[in-house]
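Visitor:
There are 2 protein chains.
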Amino acid sequence: MSGVVVVGQVGRDLVLTVEELPGAGGSADVLARQELLGGKGANQAVACRQLGAEVGLVGVVGTDSAGTEVLAQAAGDGIDVGAVVRRPGAPTALLVDLVGPRGVRRLLEDVDARMLLGAEDVRAGRGLLRSADAVLVQLQQPGPAVAEALAAASAGGALTVADGAPADGAVRRQVLSAADVVRADTAEAEALVGWAPQDVPGTVRAAESLLEQGPRVAALGTGEGDVVAWPGGHVVLPHLGEDPVDPTGAGDAFVAALTVALLRGESPESAAWWAAAAAAEVVGTAGGRPDLDLDRLRESAARARR
Amino acid sequence: MSGVVVVGQVGRDLVLTVEELPGAGGSADVLARQELLGGKGANQAVACRQLGAEVGLVGVVGTDSAGTEVLAQAAGDGIDVGAVVRRPGAPTALLVDLVGPRGVRRLLEDVDARMLLGAEDVRAGRGLLRSADAVLVQLQQPGPAVAEALAAASAGGALTVADGAPADGAVRRQVLSAADVVRADTAEAEALVGWAPQDVPGTVRAAESLLEQGPRVAALGTGEGDVVAWPGGHVVLPHLGEDPVDPTGAGDAFVAALTVALLRGESPESAAWWAAAAAAEVVGTAGGRPDLDLDRLRESAARARR
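For the record, the sequence lines run as chains H and D. If you number the first sequence the way UniProt numbering does, the last residue is 306 and the count never jumps. If you number the second sequence the way UniProt numbering does, the last residue is 306 and the count never jumps.
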């Protein structure tokens, strides 16, 4: 299977499930606690690996014991962490996912600015990026790092996938000219499109307008599901799965499955159903870490598509 | 200085300060993160040590890396952790203190039942308990462990201090017959007294009724402050300190300072002011860990008493 390199956030996830968040001054028992490798980049990398890709990660962690632990977990997941920078002076990012009642989450993010990627961090991973078959770039990272990653991915001829909302106009232009696939969730769509789609038909038009600017697949979230468009067609995907536990990580599983499916030669429409099925699996459990299986995903995507 | 042994909870504190807790589905940046030794027992032990006592701790942590870290921190604080049990099979207790907006906290407690003290855990620490000058027992621990600790403390002739709400009637009777000092906060007072004091005069009567049953000092919280009573007198202490940040740990600092002051030969009234001043210091910072200094405490207690 081909190689995917993910450029994005690596950190520590603390997932706390409570029956209900206590009121001011109150306390609540934690029903379940998970502490594990997390961050959008790591979650996307794990998803790609679970779907059979060789995966490398470009990101930043601290020199603290949390950094050591998350890198060991990523390596244990079969991910190449040789291009993850260990930066002293700040703690490894911590992402606290408070889940409860069922289906409702709150996210507390402790990400020191030093845990964001700089252009030089990406440059140091250039060899990895240039040899990749696909590069998945998180637009939440600072503009210079995004620019560097997009340039290296294009230079290497990789399938270039951009996820999220571009930081500013210059980044947006570069994304649209360099990326083969663009993905934005409901909250991010306006920043990527340049105007705010109001409904599903508007989102289809927005996706089509993105295709005119360069990408060959555009995937946009709407309140009701996702729109995936390609030259000459589009599909509107409902939110699959019943009784969601925690929406965290759904978008990461979506973009990872979309990327792997396209790399495997699936059509954009088929890849879109893989993506929707992967997202549905992640929202069925607390926390953002995926637990995907290629055969199961293929089956559930086919079932949903019928 | 004399030796204090604290019997109670040892764990890991994660203190997250946010401007405001996000609504359902939202996210918020963490303004400050602290990860450190915590739990009521550890916080009381640290406070006693900061006030100059030799301190030993009886509690339970896991065999996980968090357990190793909190014990190393306690040892670094100068606390004897030889009697802390390391129990395999469950994670070290985690106490998440969400602070924000200023002055408002929510506590999420993940304490596996295996992290509570059993009678045999306390029995293993009997040597330490019998040689102590003062023993501080947390009534939140299971009844058999509390019973064992109170018996060992009495047998050794220690100043015996019970903190909290007794689990049931049998524990309550043993507390009142064995303890020299009893302390309960507003929420715990009813379980200790046997009926619910309604106001400050009622709380004074409640404290006096406790003295008739054995203890020589009774300290009870009220909504407006604390009442400390001794045979022939009592004092009503206001909440000292301005602009509280986080109430977590106030009661632990209170009971620790009360204990050390009595051990040092202060009168109950003077000890009460030490306790109130110590509590005020802890509520001025996020998290339950105290940062006390004997001379500073003596001064602020004297100032408040005027």
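No residue lacks a Cβ here, since even glycine has one placed at the ideal position from N, Cα and C.
If I'm right that H:Val122 touches H:Ala149 with Cβ under 8 Å, what's the distance once you round it to whole angstroms?
Guide: 5 Å
Visitor: Buried or exposed for H:Pro238, please, with buried defined as at least 16 other CB atoms from any protein chain shown within 10 angstroms of its CB.
Guide: exposed
Visitor: Whole angstroms is fine: what's the gap from H:Gly82's alpha carbon to H:Leu57's?
Guide: 8 Å
Visitor: If you measure from the beta carbon of H:Ala286 to each beta carbon in chain D, is any gap under 9 Å?
Guide: no
Visitor: Which of the three DSSP states is assigned to residue 307 of chain H in this structure?
Guide: Chain H is shown only over 1 to 306; residue 307 of chain H falls outside these bounds and no answer can be derived.
Visitor: Let me check understanding here. Comparing Cα to Cα, which of H:Val228, H:Asp77, H:Arg303 lies closest to H:Ala271?
Guide: With distances taken between Cα atoms, H:Ala271 lies closest to H:Val228.
Visitor: Could you check if H:Arg306 is buried or exposed, using at least 16 other CB atoms within 10 Å of its CB as the buried criterion?
Guide: exposed
Visitor: Roughly how many angstroms lie between the CA atoms of H:Gly265 and D:Ala28, to the nearest whole one?
Guide: A direct Cα-Cα distance of roughly 39 Å separates H:Gly265 from D:Ala28.
Visitor: By the three-class DSSP mapping on this structure, what secondary structure does D:Val200 have?
Guide: In this structure, D:Val200 counts as helix in the three-state DSSP scheme.
Visitor: Mind reading off the beta-carbon distance from D:Ala256 to D:Cys48? Whole number of angstroms is fine, and I expect it under 8 Å.
Guide: 5 Å
Visitor: Please report whether the beta-carbon of D:Ala28 lies at a distance below 9 Å from any beta-carbon of chain H.
Guide: Yes, contact with chain H.
Visitor: Which bits of chain D does H:Arg33 rub up against, with CB to CB less than 8 Å?
Guide: Pro91, Leu94, Asp110
Visitor: Report the three-state DSSP secondary structure of D:Thr17 (helix, strand or coil).
Guide: strand
Visitor: With 16 as the cutoff for other CB atoms within 10 Å, does H:Pro302 come out buried or exposed?
Guide: A quick correction: the sequence has Ala, not Pro, at residue 302 of chain H. H:Ala302 should be labelled exposed.
Visitor: Let me know the secondary structure DSSP gives D:Gln141 once reduced to three states.
Guide: coil
Visitor: Alpha carbon to alpha carbon, what distance is there between H:Ala134 and H:Pro201?
Guide: Roughly 30 Å separates the two Cα atoms.
Visitor: Here's the rule I'm using: 16 or more other beta-carbon atoms within 10 Å means buried, otherwise exposed. How should D:Arg173 be labelled?
Guide: With fewer than 16 other Cβ atoms within 10 Å, it is exposed.
Visitor: Looking only at C-alpha atoms, which of D:Gly67, D:Leu292, D:Ala218 sits nearest to D:Leu262?
Guide: D:Ala218
Visitor: Which first and last residues belong to the alpha helix (DSSP H) in which D:Gly287 is found?
Guide: Bounds of any alpha helix (DSSP H) do not take in D:Gly287, whose DSSP letter is neither H nor E.
Visitor: If we ignore side chains and look at the alpha-carbon of each, how far apart do H:Gly3 and D:Ala286 end up?
Guide: 46 Å
Visitor: Could you check what DSSP says for H:Thr68 in three-state terms: helix, strand or coil?
Guide: Helix at H:Thr68.
Visitor: Can you name, in chain order, every residue of its own chain whose Cβ lies under 7 Å from the Cβ of residue 318 of chain H, other than the five neighbours on each side?
Guide: Any property of residue 318 of chain H remains undetermined from this structure, which presents chain H solely from 1 to 306.
Visitor: Per DSSP, which residues does H:Gln34 bridge with? Please list them.
Guide: H:Val15
Visitor: Cβ of D:Glu69 less than 9 Å from any chain H Cβ?
Guide: yes
Visitor: Buried or exposed for H:Arg296, please, with buried defined as at least 16 other CB atoms from any protein chain shown within 10 angstroms of its CB.
Guide: That one is exposed.
Visitor: If you measure beta-carbon to beta-carbon, which residues of the region 5 to 22 of chain D are closer than 8 Å to chain H?
Guide: Listed by position along the chain: Leu14, Leu16, Val18, Leu21, Pro22.
Visitor: Taking Cβ-Cβ distances shorter than 9 Å, what residues in chain H pair up with D:Val104?
Guide: Ala24, Gly25
Visitor: Could you confirm whether any beta carbon from chain H is found closer than 9 Å to the beta carbon of D:Leu107?
Guide: yes
Visitor: Once you ignore the five residues that flank H:Glu35 on each side, which residues in its own chain have a CB closer than 6 Å to its CB?
Guide: Leu14
Visitor: The alpha helix (DSSP H) spanning H:Gly82 covers which residue range?
Guide: From DSSP, H:Gly82 is part of no alpha helix (DSSP H); its letter is neither H nor E.
Visitor: Determine, using beta carbons only, whether H:Leu116 comes closer than 9 Å to chain D.
Guide: It does not: the Cβ of H:Leu116 has no partner Cβ on chain D nearer than 9 Å.
Visitor: How far does the beta strand (DSSP E) with D:Leu57 in it extend, from its first residue to its last?
Guide: Looking at the DSSP string, the run of the beta strand (DSSP E) that includes D:Leu57 is 54 to 62.
Visitor: For H:Gly23, which of helix, strand or coil comes out of DSSP?
Guide: coil
Visitor: Are D:Val60 and D:Val84 close, meaning C-beta to C-beta below 9 Å?
Guide: yes
Visitor: Give me the residue from D:Arg289, D:Ser65, D:Ser209 with the minimum Cα distance to D:Asn43.
Guide: Of D:Arg289, D:Ser65, D:Ser209, the smallest CA-CA separation from D:Asn43 is found for D:Arg289.
Visitor: Starting from D:Gly225 and walking both ways along the beta strand (DSSP E), at which residues does that stretch end?
Guide: 225 to 230
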